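Read through the structure below, which is laid out as structure tokens, and then see the notes.
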Amino acid sequence: MVAGAVAFGLWEAAIRLKCHPVLPYCLLGGALGSLTHLWAVQRGIVTKPPLLQGAAPLAAVVIAFFEFNFYWCTILLLAKTVDWIQTRLKNACHKEQSLQKG
């Protein structure tokens, strides 16, 4: 629920800019990822998993930027796919209804 609200808020912020909203949306998502990982580094959470012990905390913050960019791009791809499917289904229903009437 919180992630959905954050995603919606980032999209609203991105569409208010004068450029195409996809790039700012993904960059804002990357910045959010870096901020959350920076918070995790400060709390000491990053080095607790056995796989990450000995890893540089800065690496976790940098990688999070690109990781979250990928996540937000995936969200946009899924949203566009759902929109495309809805449009196709709606058009098919309208065609079927017009054929039945005519």
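Residues in the sequence shown are numbered consecutively from 70, following the working numbering.
Note that the Cβ used here is the ideal one computed from N, Cα and C, for glycine as well.
Computed from a predicted model, the values in this text were never measured in an experiment.
Rounded separation between residue i and residue j - CA only
i    : j    : result
W141 : H163 : 33 Å
H106 : L121 : 13 Å
L79  : C95  : 9 Å
I144 : D152 : 12 Å
Integer-rounded CB distance, given that residue j should sit under 8 Å from residue i
i    : j    : result
F137 : L101 : 6 Å
V71  : S103 : Between S103 and V71 the Cβ distance is about 18 Å, and since that is not below 8 Å, they are no contact.
Segment limits, alpha helix (DSSP H) that includes residue i
i    : result
A100 : 91–112
Which of helix, strand or coil DSSP assigns to residue i
i    : result
K87  : coil
Q122 : coil
Option in the options with minimal Cα separation from residue i
i    : options             : result
I132 : R85, I84, G98, A148 : G98
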